[in-house]
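Student:
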Amino acid sequence: METQLLRELPGGRVLTGARARIISLLGPLTMAAGVVWAIAQPYRLTLLHPHRQGFWWLAVEPPLLVVAAGVVFAVFVARPLLEDLEEADGAA
Amino acid sequence: MEPPSEMVHWLFGMGVLFLGLLMLAEVLAGPAVWGRRPWRRYLWPGLAFALGVLMWPVMTFFTNSAIHMVAHGAWAQALMAMGGAELGLAKGKLHSRWWKLATPIGIAVSGAAFLVHEQNGWFFARSAFLHHLVGWTLVGASLFPLALVFRPRSAALQTAFALCVVALSVMLFSDRDLAPVFGHLSPLAGPPHR
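Top to bottom, those sequences are chains A and B.
FYI, the numbering for the first sequence is 1 to 92, going by my numbering.
FYI, the numbering for the second sequence is 93 to 286, going by my numbering.
#1: At a CB-CB cut-off below 8 Å, which residues of chain A make contact with B/V125?
#2: Apart from the five residues just before and just after B/G138, which ones in its own chain have a Cβ nearer than 8 Å to its Cβ?
#3: Starting from B/W191, follow the alpha helix (DSSP H) in both directions and report where the run begins and ends.
#4: A/L25 versus chain B: which residues are under 9 Å apart at the beta carbon?
#5: If we cut at 8 Å on Cβ distances, does B/L288 have a partner in chain A?
#6: By the criterion of Cβ-Cβ separation under 7 Å, what are the contact partners of B/P95 in chain A?
#7: Are the beta-carbon atoms of B/F236 and B/F253 separated by less than 8 Å?
#8: By DSSP, does A/H49 sit in helix, in strand, or in coil?
#9: In the structure shown, what three-state DSSP assignment does B/H41 receive?
#10: Check this for me: beta carbons of A/I23 and A/A78, under 8 Å apart or not?
#11: Around the C-beta of B/R189, are 16 or more other C-beta atoms found within 10 angstroms, so that it is buried, or is it exposed?
Structure, rendered in structure tokens:
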């Protein structure tokens, strides 16, 4: 328990910390959902058994689409957003 | 060379999932922090507009019937109008808050488009079930942006709307061209596949 730290921080900063944590988790949770789906339904990953698969079955693999959405969000949206949150928190 | 229609739903599902994540992040960060980098303000309206543009090829290449064509065409226009209005508001070119009405209208038209182009009953097959479910979800979800026109700072409404968009992506990813739903599959639908 970091009660000492929490007591020293103003309420707004604690809230910002919680929000930052949730934002930082959105991408990894999305990626994890895609991975869980891939494990639950491996036949949806045609890369694992590519023989006799048509173009579209190889190009569109839904668990990978979920992972891709999570990766793009985490790298290109969440990361700069967290920097801005930290900056705003520091300025406050 | 056209993809099976379930794959079109999955590709849109990825776009809608990303849209939902953007909306959730915007609510969590708050408008001041979200607007710190100008490009970020255009992200979700731009993505909504792009989804509308991408609906045109769907209309062109998946013309199973006249109602499919009309539904997808109306849907493309509604999404583009919604994205365009939000882009105009984000840029500051549009000022009236009534432009915000483009979003609930766009979402409601999207829901109606799902409902009218699904002519089978709920338990005909999984795709029919999901078209009904997505349609009614969108019609219901359109109430959130409608309420946001009058209470634009409500975090609860924004969160509910964002969660509806994420739920919508799950529904789109669940779509299969020919699969049973809760054990039901009409013999008229044909043999199920993966």
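We put the beta carbon where it would ideally sit given N, CA and C, even for glycine.
Tutor: Looking at the atomic coordinates:
#1: Chain-ordered, the chain A residues with CB closer than 8 Å to the CB of B/V125 read L81, D84, L85 and A88.
#2: G175 and L179
#3: Unbroken run through B/W191: none, as it is neither H nor E.
#4: Chain B residues near A/L25: none, gap ~10 Å exceeds 9 Å.
#5: This structure leaves residue 288 of chain B out entirely; chain B is present only between 93 and 286.
#6: W56 and V60
#7: yes
#8: coil
#9: Only positions 93 to 286 of chain B appear in the structure, and residue 41 of chain B is not among them; the question remains open.
#10: yes
#11: Counting the other CB atoms within 10 Å of its CB gives B/R189 a total below 16, which places it among the exposed residues.
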